[in-house]
Amino acid sequence: MKVHLVFLIPLLPVIFSETRHGQSPAAVNQPISDEELVEMAPEGVIVFPNISYREGNDAWKLDLAMPEDRSDGRLPAIIYIHGGGWVRGDKRGQGIETSLGYATKGFVSISLNYRLDVDKIACVEDVKCAVRWLRAHAEHYNVDPNRIGAAGNSAGAHLALLLAICPKSAGLEGDGPYQEFSSRVQSAHCSSTPTKPHFRKGKGAGQDVTKLHAMSYASADTPPLFFIHGSADTRMAPVSQIDEYVKALREIGAKDITYVRYDDGTGHGAYVQHLQESRRSREAFFIRTLMNKGNED
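Residue numbers (our numbering): 15 to 311.
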């Protein structure tokens, strides 16, 4: 059993923030237009902005970046899912430059939106639909459908995790198109991950909240997962939950689980508070888990 469990010794916390290159924090809050997004693309990268992965709602959009050179054949893909408590955020928010940069490293990079201020089950249904869309259009965008990963922070991490572990039988596919395709991804990199979210008042009444709990899908055949968490995160995404989940995965025989737990006062937002290290670990993880051909679930 190949399980990586890392507890880091206390260090003085350093706070970083991912911002658009050369802009003030105030400017970052301004929406990025399609034209600006295309201009932000690194050399040799093509950007397809605001593709609809489903019709009928403005939230069902994604941005896709890919290498201009297609001579290497089908490429692995990384889907980035923004955080924001399932009620706010945008695909062109924090970390957009990092997402675009993956296309310079041999990946097709996708950043997507999903419905906000709805019950969390609808959020899961949306991101699953986006994965199915990607597989349905894999040939057009030069994607290897057997090498897709997901990444996210906070609420985005929860959604990325469910893409990796949640089977079709869980009943979270929704009524979106492309049902003939799998919505599972082959690996997920998750930071500050809530593993037991609950419904907010008035949202999701009568629905089974355990469908949203990572523990419901713990199994020995769990795909590669990488978790980053801060020990001082006790309210937004309680560290006790991720500790319990990783322990359960280890005991059940999951083969490739990495857990970086910062014991230095890091709270919610561990990825950003350890930005450079987090970026490196995410890139290395996806190179290791996606650059070699895998098998679709």
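Note that beta-carbon positions come from the ideal geometry of N, C-alpha and C, so glycine has one too.
Beta-bridge partners of residue i, as assigned by DSSP
i, result
"ASN285", "One point to set straight first is that residue 285 is Tyr, not Asn, in the sequence displayed. According to DSSP, which records beta bridges pairwise, TYR285 is partnered with nothing at all."
"ASN167", "SER205"
"HIS243", "ARG275"
"VAL59", "PRO81"
"ILE162", "ALA91"
"LEU126", "LEU76, ILE95"
"SER66", "LYS75"
"VAL157", "LEU89"
Closest by C-alpha distance to residue i, when choosing among the options
i, options, result
"SER373", "HIS172, SER197, SER292", "The structure shown does not extend to residue 373, since the chain is modelled only from 15 to 311, so the question has no answer here."
"ALA228", "PRO211, PHE240, ALA234, VAL286", "PRO211"
"ALA136", "ASP257, ASP222, THR209", "ASP222"
"VAL274", "SER205, GLY107, HIS172", "SER205"
"PRO90", "GLU69, ALA117, GLN287", "ALA117"
"LYS269", "ARG249, VAL260, ASN64", "VAL260"
"PRO63", "ASP133, LEU114, ARG293, PHE195", "LEU114"
"ILE266", "ASP247, ALA251, THR236, ILE256", "THR236"
"ILE65", "LYS119, LEU148, MET250, GLY109", "LEU148"
"GLN108", "LYS75, ARG293, SER201, PRO81", "ARG293"
"ILE110", "THR280, SER123, ALA150, GLY98", "SER123"
"ASP247", "HIS282, ASP278, ALA152, ALA234", "HIS282"
"THR112", "GLY98, ARG249, ALA150, ALA79", "ALA79"
"VAL61", "ASP278, GLU194, ASP83, PHE299", "ASP83"
"ARG68", "GLN44, ARG146, PRO81", "ARG146"
"ALA150", "HIS172, ALA164, GLU194", "GLU194"
"ALA169", "ASN160, GLY97, TYR231", "GLY97"
Residue i classed as buried or exposed, judged by whether at least 16 other C-beta atoms fall within 10 angstroms
i, result
"LEU304", "buried"
"VAL101", "exposed"
"ALA41", "Note on ALA41: pLDDT 43, under 50, position unreliable in the model; the coordinate value appears next. ALA41 comes out exposed."
"HIS288", "buried"
"ASN167", "buried"
"THR209", "buried"
"ARG296", "buried"
"ASP86", "exposed"
"SER245", "buried"
"ALA164", "buried"
"HIS154", "exposed"
"SER254", "exposed"
Rounded distance between the beta-carbons of residue j and residue i, thought under 8 Å
i, j, result
"ILE46", "ILE93", "Their Cβ separation, rounded to whole angstroms, is 18 Å, which puts ILE46 and ILE93 out of contact at 8 Å."
"LYS134", "LEU226", "6 Å"
"THR224", "ALA251", "Not confirmed; about 17 Å, so no contact."
Is the stretch 126-143 touching the stretch 188-207, taking contact as three or more C-beta pairs under 8 Å?
Because the criterion of three Cβ pairs below 8 Å is met, the stretch 126-143 and the stretch 188-207 touch.
Using a Cβ distance threshold of 8 Å, determine whether the stretch 174-182 contacts the stretch 115-134, with at least three qualifying pairs required.
Judged by Cβ distances under 8 Å, the stretch 174-182 makes no contact with the stretch 115-134, as fewer than three pairs qualify.
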